[in-house]
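Participant: In case it helps, the working numbering puts the sequence shown at residues 486 to 579.
No residue lacks a Cβ here, since even glycine has one placed at the ideal position from N, Cα and C.
All values derive from a computational prediction rather than experimental measurement.
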Amino acid sequence: MGRSEITEVAQSFMTALPDMRLVMDEVLARVDGAAYHWTLIGTNTGPVGTGHRVRIRCFEVWKIGTDGLIASSQGHFDASDYRRQLEKGVQEPG
Numbered sequence: 486m487g488r489s490e491i492t493e494v495a496q497s498f499m500t501a502l503p504d505m506r507l508v509m510d511e512v513l514a515r516v517d518g519a520a521y522h523w524t525l526i527g528t529n530t531g532p533v534g535t536g537h538r539v540r541i542r543c544f545e546v547w548k549i550g551t552d553g554l555i556a557s558s559q560g561h562f563d564a565s566d567y568r569r570q571l572e573k574g575v576q577e578p579g
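1) Just to confirm the assignment, what range does the alpha helix (DSSP H) spanning T500 have?
2) Determine the direct distance from the alpha carbon of R540 to that of R569, and round the result to whole angstroms.
3) How should E572 be labelled, buried or exposed, when 16 other C-beta atoms within 10 angstroms of its C-beta is the threshold for buried?
4) Starting from Q559, follow the alpha helix (DSSP H) in both directions and report where the run begins and ends.
5) Which residues in the same chain as S558 place their Cβ atom closer than 6 Å to its Cβ, once the five residues preceding and following it in sequence are excluded?
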């Protein structure tokens, strides 16, 4: 996924989860970039929102360009768990 696609995906999450927070869990240096582990937390109050809270762990592998910026990103999160949380919500840790 290139820079414009990264922007589109990020915008879709920000629209669905206006109070979205990203928590950086870990960043690991790699020869050609970095591996980034993070947690997305927010409430689905955007258009057609369910009002439910979500908390999803995510992982991305970034390739860094010669300009020092992210040139590409390959990410993963459990999409079925995300959909379940949109429908039913998630309990925040105490």
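Facilitator: Straight from the coordinates:
1) Translated into positions along the sequence shown, residue 500 becomes position 15. 488–501 is the extent of the alpha helix (DSSP H) around T500.
2) Within the sequence shown, numbered from 1, the residue matching residue 569 stands at position 84. Within the sequence shown, numbered from 1, the residue matching residue 540 stands at position 55. Straight-line Cα distance between these residues: approximately 11 Å.
3) Against the sequence shown, residue 572 aligns to sequence position 87. With fewer than 16 other Cβ atoms inside 10 Å of its own Cβ, E572 counts as exposed.
4) Taking the sequence shown and counting its residues from 1, one reaches residue 559 at position 74. Per DSSP, Q559 belongs to no alpha helix (DSSP H); it is in the beta strand (DSSP E), 555–562.
5) Indexing the sequence shown from 1 puts residue 558 at position 73. For S558, where only same-chain residues beyond five positions count, the Cβ hits under 6 Å are M486, I491, E545, W547.
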